[in-house]
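Peer 1: No gaps in the numbering here: position 27 of the sequence shown is 29 in my numbering, and each next residue is one more.
Beta carbons are placed, not taken as given, at the ideal position from N, Cα and C, and that holds for glycine.
Dropping a structure here in structure tokens format, bear with me for questions.
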Amino acid sequence: MVDASAGAIGIEWIEGKSVRCLLPGGAEGEADDQEETELDDDEPLKEFGISVVMLMKLIGIELAKMHSADVVHGDLTTSNMMLRHPSSFLSDDPEIRTELVLIDFGLSYVSSLVEDKAVDLYVLERAFSSTHPDSEPLFASVLTAYSEQMGKEWPAIGRRLDDGNETFVGLLLVLTCF
3 MVDASAGAIG IEWIEGKSVR CLLPGGAEGE ADDQEETELD DDEPLKEFGI SVVMLMKLIG
63 IELAKMHSAD VVHGDLTTSN MMLRHPSSFL SDDPEIRTEL VLIDFGLSYV SSLVEDKAVD
123 LYVLERAFSS THPDSEPLFA SVLTAYSEQM GKEWPAIGRR LDDGNETFVG LLLVLTCF
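Have a look at this one:
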């Protein structure tokens with residue numbers, strides 16, 4: 003919430019954890035009191051009552067909602083996604099125990115362009131591959147949920163994502179030089 007005339011910004015504390023910390027490989031190098039042990043991929047998510055598969059679906063759905071509103075995030079990473087802890091989430095549906103919250107919209111903008119939405123997804127794909135080893139199946143699950151939610155808008159975005167990987171690399175290199 004922003005009220006420019008009053009000079010006020012409203013923020014919300016999200017009780018939960020970043021998706022980066024909940025997915026395999028994402029919490030490496032962070033100070034943690036847990037012993038170094040091999041964990042089941044779903045182990046960190048048990049307290050949230052969902053599986054990695056369900057988390058990927060939530061990510062795809064939330065990204066599709068955002069893009070359907072013509073909002074481009076500009077910095078999609080698993081660090082900019084929070085999973086709300088069930089103890090701080092109320093739902094009318096007992097099957098839904100948590101929610102995914104997208105955060106840090108500092109680089110976001112409004113755009114209906116297919117290319118902008120595809121670049122958003124490309125940035126997330128790069129974030130997945132660099133932060134979470136062997137995450138291709140995870141990102142594929144995100145895209146499946148995203149495509150189902152986007153419906154008839156998906157084919158154009160999907161084609162641009164597939165066709166544009168080399169273009170996006172060049173574009174991102176140019177943008178990071180400024």
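Using the Cα positions of residue 163 and residue 117, report the straight-line distance between them to the nearest angstrom.
Peer 2: Within the sequence shown, numbered from 1, the residue matching residue 163 stands at position 161. Within the sequence shown, numbered from 1, the residue matching residue 117 stands at position 115. C-alpha separation (whole angstroms): 8 angstroms.
Peer 1: When the Cα of residue 60 is compared with those of 79, 91, 123 and 100, which residue comes out closest?
Peer 2: Reading the sequence shown from its first residue, position 58 is the one you call residue 60. Looking at the Cα atoms, 100 is the closest of the given residues.
Peer 1: If you draw a straight line from the C-alpha of residue 71 to the C-alpha of residue 62, how long is it?
Peer 2: If you number the sequence shown from 1, residue 71 lands on position 69. If you number the sequence shown from 1, residue 62 lands on position 60. C-alpha separation (whole angstroms): 14 angstroms.
Peer 1: Return yes when the Cβ of residue 84 is within less than 8 angstroms of the Cβ of residue 12, no when it is not.
Peer 2: If you number the sequence shown from 1, residue 12 lands on position 10. If you number the sequence shown from 1, residue 84 lands on position 82. Taking 8 angstroms as the Cβ cut-off, residue 12 and residue 84 do not qualify as a contacting pair.
Peer 1: Could you check where the alpha helix (DSSP H) with residue 62 kicks off and where it finishes?
Peer 2: Counted from its first residue, the sequence shown places residue 62 at position 60. From DSSP, the alpha helix (DSSP H) with residue 62 extends over 54-70.
Peer 1: In terms of residues, what are the limits of the alpha helix (DSSP H) holding residue 183?
Peer 2: No answer is possible for residue 183: it lies beyond the span of the chain, which begins at 3 and ends at 180.
Peer 1: If you draw a straight line from the C-alpha of residue 156 to the C-alpha of residue 6, how long is it?
Peer 2: The residue labelled residue 156 in the question sits at position 154 within the sequence shown. The residue labelled residue 6 in the question sits at position 4 within the sequence shown. Computed Cα separation, rounded: 35 angstroms.
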